[in-house]
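Structure first, then comments.
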Amino acid sequence: MNFLSEVMATAGKIEMDELRYKIRRIKEDISTLKSKVNDIVKREYVQFIPLVEDDEDLTLEAIHLADEMESLSNRIDKQMKVEVTECLTEVANLSEAFRESNLLLEALQKLLFIHDNLQSTRDIHDNESRTKAIKKLIGISELLDTMSDQFESLEILEGIRAEIDEQWQSFLLSDNEALRKHITWDEREPSCKNRQLTLTVSENFAKSEILEALNLLDDLPLVTSKFCEGLMSKILIPLMTQPHSVDIMTTKGAQLILRSIPSTVDQPIQLKMENLLKVFQFLSEYLSVPIDETRKFTSKVDDFIAENFCELFIKHCVVDSIPFKQKDYRNYEKFVCQIMSFETSLRKMGFLSHKTTALSHFTSNSEEQFSENASQVHIAKARDLMKKDLHRMTQVAPSNVSNESIADNWHMDLCENTFEFPTCCISQSATELVGALTEIMEDIVHSTSTLHAVKLFCAARNIVSMYADVVSVYHAKMLTSIPQQAALFFNNCFYLAHKSVFLIVEYKPKFPQTLDARLVTMVDLVQPLRKAGLTVLIEQVQTQKKQIVDIIKDSGLITLGDTSVFPVSIEKSMRQCLRQLKLLQSVWTHILPASTYTKIMGQISSTLVEELINCILSIDDIASDVATNLVTIFQNIIEDLPRLFPNPQEVFRLIRKWGRFVELTKVLGGTLQEIDERWADGKGPLAEEFKADQVRHLIRALFRDTERRANLLARIQIQINTRGADPFSLKKRSAK
């Protein structure tokens, strides 16, 4: 038994010694192999020196070492089982040494595998399969990324990576060139008017192979983007915007030929959809090829053009086909069905995915689209009318509105002419705008949809509410500088406000019952519209007043007391003021309603009269010759101003301080006796227009110091003192 144990121990010792020897020898062989592999790879990918050795010998040597490693591994496992308790530490050391050698050998085998495959990828790409070569190159790149840093120099790995990148770029250029060779665009112009474009897909064209290769190279998105850009700009957009014909030829490969058609009339939408379908069918038949295991090239085209195409198709083809008249809506429903069929065809061919819903959304809301379009068409038409020239005018007379029906509705007793619009002139565009509102009311009456009726009524309200804003902005310069334009705008606003109310009165009983009668009103729009017109007219009146005031200030009338010679500029300025008033008369008298005209003309004339009175009262010394000239000028004014009004006798009512101006003229041309008579101890017409101190001031300015003047001034002063005894008069005077 002891002898057997000794024999076994001796055998185990011999086995361990042999394992140590073999591991040491394999490590030396692997180190030698590592040096050789390092040298051959470095010269191939770093130094680019042609190899003399046959790298197949290194591969065989690596395989032989791998076999020895496997045999050695088996023996180590067996020895470990025998000596597991007695030689555990030594066997573990041998196992670790073997593992390190095995890892190094695996790395060398990977490096040799990379080297061998890099030598073959180009040949495979050019002669066998593009995709196979690219997949092999991708595998090599992934394997290289797993390599550890067991080599003395990383320069080897960088050289291999450079070779991979160079082959990658070479494949990119080659595959792109092949695609450009087989898918070509030929655009030419046979004449100055006709355009022709030919898209050719070659026959015997490995479409799937090239497109899949580009997909593996991560270049397909860029290629697809460029193709779709050309497809949209050269084919699809021209087909949607201009008349074209589309033909497909299959004699030399497949050709899609697009020809422009000289025409001033746009193509029907049905023909446009037919041409577009031809294009997509051509692409589906000749370019719907797999690019990977799950997708086709047409689905990539969908990613790039679907949303943009649908938006442009709706904009250029569908929107203009939406009717705005109720009678055309039935035909529009048929048209919507055609669009749905068009969309279905694109989805079947793979050009529209479930994510693209623009066309579906549009067709599912056909009634809303119709109502919205009708509303926008009416508003656009109204806006164009608002931009028309205001000076093209027409006269309107009192409208024949039945007061009885309105009075019955409101339970009121009304005057016969309560709702009459006065005779005046308005812009032709205003009458056309009322016609447009009437057309909207008729459409509401005949509408079959509550939504449509509501949209139309809202459009009518928007037109009325935006009139003042649009016109005041678009015609701003004219309204501020030309009195005629301001008057017409004033009339237009009042006329539109008047008509909008009575259109509702006329059509409201005919409206669909689904409309809420309480909301069908435009009364709330009347006051803002009238206010806008009145504001413009008032601003024009203020402008005219300012011009009158400026003319008088520059006339020299204020400094008249400083000279004994009457300036010629005063007479010239007064004539200018009268000319301005007469010009306003010629412009406004036939445009504005009579009551409005007399009112604003009275305001401007009042400004002239008040400025003249204030100027004369501010002068301390008026020479007799100057007074005579002033009387002559003022007499002309007294004669001309009443003629500005339809009824000259109303001048005292229309022009403030007209009586004072007349009395002032008489004072300037009168004697002390005449002034005394008109004063009549504070009871005459002069006393009604002027205060006592104003009369005393005029007497001092006009007459020299004489006994008669002194007596007259004294009598007036006594009256002032007498009135001053009245506490109320004193309080009133002190306040003034």
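At position 568 of the sequence shown (counting the first as 1) the number is 568 in UniProt numbering, and the numbers step up by one without a gap.
Glycine is no exception: its CB is placed at the ideal position from the N, C-alpha and C atoms.
These numbers come from a predicted model, not from an experiment.
Proximity to residue i [Cα-Cα], best of the options
i, options, result
"D588", "R575, Q576, G602", "According to the sequence displayed, residue 588 carries Trp and not Asp. That would be G602, whose Cα lies nearest to the Cα of W588."
"V265", "N275, K546, H244, I716", "H244"
"residue 741", "Q576, V541, Q540", "Since the displayed the chain opens at 1 and closes at 736, residue 741 lies outside it and no answer follows."
"F282", "G159, G350, P642", "G350"
"M439", "E203, M386, I619, A374", "Reading off the sequence shown, one finds Glu at residue 439, where the question assumed Met. When each option's Cα is compared against that of E439, the closest is A374."
"K582", "L644, Q540, L560", "L644"
"T363", "L352, L346, E333, R347", "E333"
"I160", "L143, K691, N636, Q376", "L143"
"V536", "I257, Q485, F511, D328", "Q485"
"K325", "I237, C425, F421, V377", "V377"
"L172", "L220, N204, E688", "L220"
"L385", "T146, Q242, I444, V470", "V470"
"R122", "Q580, D165, F309, F342", "D165"
"L557", "Q547, K546, I570, T563", "I570"
"V464", "S447, L437, A476, M478", "L437"
"Y329", "V289, F342, S371", "S371"
"residue 780", "L686, G561, G682", "Missing from the structure shown is residue 780; the chain here goes from 1 to 736 and no further."
"I257", "P238, S263, P268, Q267", "P238"
"K381", "P646, T394, Q527, A460", "A460"
"F494", "E442, N462, Y507, T431", "T431"
"residue 739", "L352, K207, A397, Q649", "An answer regarding residue 739 cannot be provided, because it is not within the stretch 1 to 736 covered by the chain."
"T665", "L641, K278, I633, R653", "I633"
"T671", "D640, Q649, R660, R704", "R704"
"T224", "I622, I235, D302", "D302"
"A710", "K691, Q673, E689", "Q673"
"A701", "T521, D621, M478", "D621"
Where residue i falls: helix, strand or coil (DSSP)
i, result
"R188", "strand"
"V501", "helix"
"I257", "strand"
"P262", "coil"
"D219", "coil"
"S564", "coil"
"V520", "coil"
"P290", "strand"
"D384", "helix"
"L592", "coil"
"L390", "coil"
"D320", "helix"
"Q395", "strand"
"Q196", "strand"
"K207", "helix"
"I720", "helix"
"H182", "helix"
"I426", "strand"
"I558", "coil"
"I548", "helix"
"I619", "coil"
"H378", "helix"
"I440", "helix"
Residue environment, residue i, which counts as buried when at least 16 other CB atoms sit within 10 Å
i, result
"I183", "buried"
"M574", "buried"
"T559", "exposed"
"A680", "exposed"
"T607", "buried"
"C337", "exposed"
"R579", "exposed"
"Q513", "exposed"
"S447", "buried"
"V318", "buried"
"R180", "exposed"
Whole-Å CB distance - residue i paired with residue j, under 8 Å assumed
i, j, result
"L713", "R696", "6 Å"
"V501", "V523", "6 Å"
"S427", "L488", "5 Å"
"I699", "I675", "7 Å"
"T298", "L312", "T298 to L312, Cβ: 19 Å. No contact."
"N331", "C425", "Actually they are not in contact, since the Cβ atoms of N331 and C425 sit about 43 Å apart, beyond 8 Å."
"residue 747", "R130", "The requested residue 747 is not part of the displayed model; the chain covers only 1 to 736."
"P262", "N194", "7 Å"
"G659", "E689", "5 Å"
"L456", "I444", "5 Å"
Contact with chain D by residue i, beta-carbon distance below 8 Å
i, result
"Q547", "Among the protein chains of the structure shown there is no chain D, as only one such chain exists."
For this session: Spell out a yes or no on whether the stretch 443 to 460 and the stretch 365 to 379 are touching, meaning 3 or more CB-CB pairs, one atom from each, closer than 8 Å.
Result: yes
Problem set entry | Stretch pair the stretch 125 to 141 + the stretch 216 to 223: three plus CB contacts closer than 8 Å | yes
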